[in-house]
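Quick notes on the structure that follows.
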Amino acid sequence: MADSRSGHCLCGSVTYRAEGLRDIWYCHCRQCRYATGHFMAACRTEKENLVWDGLISWTAHSGSSEIARCRQCGSPLFWRQPESATISVLAGSLDETEGMDVLGHIFTAEKGSYYPLPDGLPQWIEHREKIC
Ligand SMILES: [Zn+2]
Ligand SMILES: [Zn+2]
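In terms of the numbering used here, the sequence shown opens at residue 1 and continues consecutively.
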C-alpha cells in the first residue's frame, strides 16, 4: 500500500507497519514529557491499521490512555486510549517520515520553559478534539 510505513524500536526487537497514518502532532503535557524525555511527536491511524512483531508492554499514561514500549530496550512506540478506535505511533520510531506534516502543538500550557516554539505552527493550551 502506498501509505504504508514501517518503524522499529532502538534495539530492533519490535518492528511494525502502519497504514493510513495522519499527520503528526506534538504533545507537551507532563505525562508525555516524562514518558519521552522531551515532548511527544505522534500520528494516529485506525487500530486495525497497525501491526507489530515483538514483545511490548503497555503502561498507564494520562487519564485512561496507555503507552507501549519495547520490553527489551524500553523505546516508547505507541499510544492509545482503550475507548478510541485509533492508535498513535510515536513519530521518532518511524523509519521515514517523508511527506508527513505537523499539525501543531497541544498542551502548551504544560510545556517546559527550557525550549521555545518558534516554528509558527498552531498551538493549543490543552487538547484539540480532532487530533488528540
Ligand atoms: Zn527494542
Ligand atoms: Zn501529552
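Where is the CB? At the ideal position from N, CA and C, for every residue including glycine. Model, not experiment: these values are computed from the prediction.
- prompt: Is the region 76 to 85 close to the region 31 to 42, with three or more CB pairs under 8 Å?
  reply: yes
Per DSSP, the bridge partner or partners of Ala18: According to DSSP, Ala18 bridges with Arg5, Leu50.
query: Looking at C-alpha atoms only, which residue of Gly99, Tyr16, Gly112, Lys47 is the closest neighbour of Leu55?
result: Comparing Cα-Cα distances from Leu55 to each of Gly99, Tyr16, Gly112, Lys47, the minimum goes to Tyr16.
query: His108 and Ile125: beta carbons closer than 7 Å?
result: For the sequence presented, residue 108 should be read as Thr rather than His. Cβ atoms of Thr108 and Ile125: closer than 7 Å.
- request: Tell me whether the beta-carbon of Trp58 lies closer than 7 Å to the beta-carbon of Glu48.
  value: no
- prompt: By how many angstroms is the C-alpha of Ser6 removed from the C-alpha of Cys43?
  reply: 13 Å
query: What is the rounded straight-line gap between the Cα of Cys132 and the Cα of Leu90?
result: Residue placement at Cys132 cannot be trusted, given a pLDDT of 45 that sits under 50; what the coordinates show is reported in the next sentence. If I take the Cα positions, the gap works out to 13 Å.
- prompt: What is the chain-ordered set of residues for which the beta carbon lies under 6 Å from any non-hydrogen atom of ligand 1?
  reply: In chain order, the qualifying residues are Cys9, Leu10, Cys11, Ser13, Val14, Cys70, Gln72, Cys73, Ser75.
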